[in-house]
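Numbering (my numbering), first residue to last: 1220 to 1790.
Backbone N, C-alpha and C fix where the C-beta goes; we use that ideal spot for every residue, glycine too.
For clarity, every value in this text was computed on a predicted model and none was experimentally measured.
Now the structure itself:
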């Protein structure tokens, strides 16, 4: 650790865990183990359920078709009325059953990598927190680091656990998490642009109940066309909404995008230097990014709205669980409103007026609560936003298994609706209908956890690169965007302190000018990078703050859309 540095050692340990231990233990065990699904009814169970209602296929015998096991052959198919009650037997789910299903590798990799990246981020945050003062290098009164302090600290414990690496490697892990999450969301969205998908089992059950093959093919093609048209329409609508939101920044929203654009330059003076891109290009990049996020959120939001509606309508769900599900559904609204400037001003004025009320003055606990809330909304608004976003993430992570269990329970409801339809059906159709629910469990799991992981990674990036702090009373420990360790260059490496770097031997007197030149060049470079880091913090605070707000807004919007669709428009 003394040679490689603390961050690099942490990264190597996390990479070793990700490549070795995850092979034997995956966090998908915690996601799947213990869930209950309905087993696919066998032919014997179906025959016992229908009794003497079985009807043979009257068509001419054909050569058995299908796979080598003969499960799809015509000889094994029998027909019976759809109105027959078919019992389903529950069974416990194991993660080994989901290994053979589509998208399991994507789900496993995303979940395991996210856990490792968050662990690296938490370790780095704890190590650089103001409470861990054992590694700090002594500073002067103005906060600068002297060369003497650096040399004196080389013989102590802090030098053995070095933080000399200036690049925050935890940000690299978080950036990779964002990349893998977006790639997974794009992969799931691309399923709806292809005819063959893990969700095709659902359409097959509908096609089998059609009267003709031509009508089945046309209905499948129409459904596939409607799916990718919905994705494109959602992306375009969110693109337009982003344009309106960007136009209202500064008046109604507190994103500080104009300040971020003003610091988007490489010059020494931000007021005179030309920005790297135009204001229109800056807004266009943000709008396209937000439109892409809204497009990949559309089907996870529709699924979340359906699962939420099925869960709260289930009478067997306790009132405590139902209350927590309601809170999870509306939780993104709270951090969304924290970026609306008029609402925050109104809340601060209202709380200030309430504190001056004579009745409140007689209630000490209420007065303290109102005072703390007023300070959080006025003086520590950025920290309040961070914890509000983390509250949303915690609620969604806590209710993920409930959502998956509600999805698995939908097999019984789907079969009940199927039995209310007139006509006859076959054993293969019923088995395919029940199996299609568990067949798509990895897809539904990714739809539940991928938006949450993206939000968590964006919040952590927003905190680190924008120079924010988790603790309201403590200033940010990182004065540079994405940098750690010594925040101020050793500017005192000239003059009297510079002698500490050289020997007192007269034979080295001729080398002093070269060392002075190297030190001055290093000082100039550090000053230049410090200016860029300060501007990078301003740019990151505006851009990442807007992206975090947009992830919350898109997530809440598509969830409300899914709830409205399945409540009023779904047949």
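Item                                                                                                                                                                : Value
Is it right to say residue 1288 is buried, meaning 16 or more other beta carbons lie within 10 angstroms of its own, or is it exposed?                              : Only weak support is given to the placement of residue 1288: the predicted model assigns it a pLDDT of 38, under 50, and the question is left unresolved by the model.
If distances are taken between C-alpha atoms only, which option among 1232, 1245, 1266, 1337 comes closest to residue 1672?                                         : 1337
Just the C-alpha distance for residue 1240 and residue 1301, rounded to the nearest angstrom, thanks.                                                               : 49 Å
May I ask you to verify whether the segment 1608–1620 touches the segment 1673–1689, counting CB pairs closer than 8 Å and requiring at least 3?                    : yes
Tell me where the alpha helix (DSSP H) around residue 1554 begins and ends.                                                                                         : 1552–1556
Is it true that the CB of residue 1522 sits closer than 9 Å to the CB of residue 1781?                                                                              : yes
Which of the three DSSP states is assigned to residue 1321 in this structure?                                                                                       : coil
Going by DSSP, what residue range makes up the beta strand (DSSP E) through residue 1260?                                                                           : Where residue 1260 is concerned, there is no enclosing beta strand (DSSP E), given that its DSSP letter is neither H nor E.
Assign residue 1473 to one of three DSSP states: helix, strand, or coil.                                                                                            : coil
Terminal residues of the continuous alpha helix (DSSP H) containing residue 1670?                                                                                   : 1660–1684
Three-state secondary structure (DSSP) at residue 1300?                                                                                                             : strand
I need the DSSP call for residue 1233, collapsed to helix, strand or coil.                                                                                          : helix
Can you tell me whether DSSP reads residue 1645 as helix, strand or coil?                                                                                           : strand
What first and last residue would you give for the beta strand (DSSP E) that runs through residue 1494?                                                             : Premise fails: residue 1494 is in no beta strand (DSSP E) and is neither H nor E.
Quick check on this structure: which residue in 1783, 1771, 1245 has the alpha carbon closest to the alpha carbon of residue 1457?                                  : 1771
At 4 residues or longer, and completely inside the segment 1491–1543: list those alpha helix (DSSP H) runs for me, N to C.                                          : 1498–1531
If you count every other CB in all the chains shown that lies within 10 Å of the CB of residue 1788, and 16 or more means buried, which is it?                      : exposed
According to the Cβ coordinates, are residue 1390 and residue 1688 closer than 9 Å?                                                                                 : no
Using a Cβ-Cβ cut-off of 8 Å (strictly less than) and excluding sequence neighbours within five positions of residue 1566, which residues of its own chain qualify? : 1596
Which complete beta strand (DSSP E) runs does the segment 1743–1788 hold, if anything under 3 residues is left out?                                                 : none
Quick one: residues in its chain with C-beta nearer than 8 Å to the C-beta of residue 1430, no 5 flanking neighbours on either side, listed in chain order?         : The predicted position of residue 1430 is uncertain, since its pLDDT is 35 and thus under 50; no value can be drawn from it.
Inspect the beta-carbon positions of residue 1668 and residue 1335 and report whether they are closer than 9 Å.                                                     : no
Measuring CB atoms only, is the segment 1542–1555 touching the segment 1633–1640, in the sense that at least three cross pairs come out at less than 8 Å?           : no
Flag this pair as yes or no: are the beta carbons of residue 1394 and residue 1591 separated by less than 9 Å?                                                      : no
Which value, in whole angstroms, describes the spacing of the CA atoms of residue 1621 and residue 1529?                                                            : 11 Å
Suppose the cutoff is 6 Å on Cβ atoms and the five residues either side in sequence are ignored; what does the same chain contact list for residue 1501 look like?  : 1480
Whole-angstrom Cβ separation of residue 1646 and residue 1297, contact assumed at under 8 Å?                                                                        : 6 Å
In whole angstroms, what is the alpha-carbon distance linking residue 1404 and residue 1509?                                                                        : 14 Å
Looking only at its own chain, which residues have a Cβ that is under 6 Å from the Cβ of residue 1512, when we skip the five neighbours before and after it?        : 1773
Should residue 1766 be labelled buried (16 or more other beta-carbon atoms within 10 Å of its own) or exposed?                                                      : buried
Would residue 1505 and residue 1563 qualify as a contact pair, given that the criterion is a beta-carbon distance under 9 Å?                                        : no
According to DSSP, simplified to helix, strand and coil, what is residue 1700?                                                                                      : Reliability fails at residue 1700, whose pLDDT of 42 lies under 50, so the model's placement of it is uncertain and the value that follows must be treated cautiously. Correct three-state label for residue 1700: coil.
According to DSSP, is residue 1635 part of a helix, a strand, or is it coil?                                                                                        : helix
Just mark residue 1571 as buried or exposed, buried being the case when its beta carbon has 16 or more other beta carbons within 10 Å.                              : exposed
Below 8 Å CB to CB, which residues in the same chain sit around residue 1248 once its five sequence neighbours on both sides are set aside?                         : 1314
Find out if the Cβ-Cβ distance for the pair residue 1649, residue 1260 is shorter than 9 Å.                                                                         : yes
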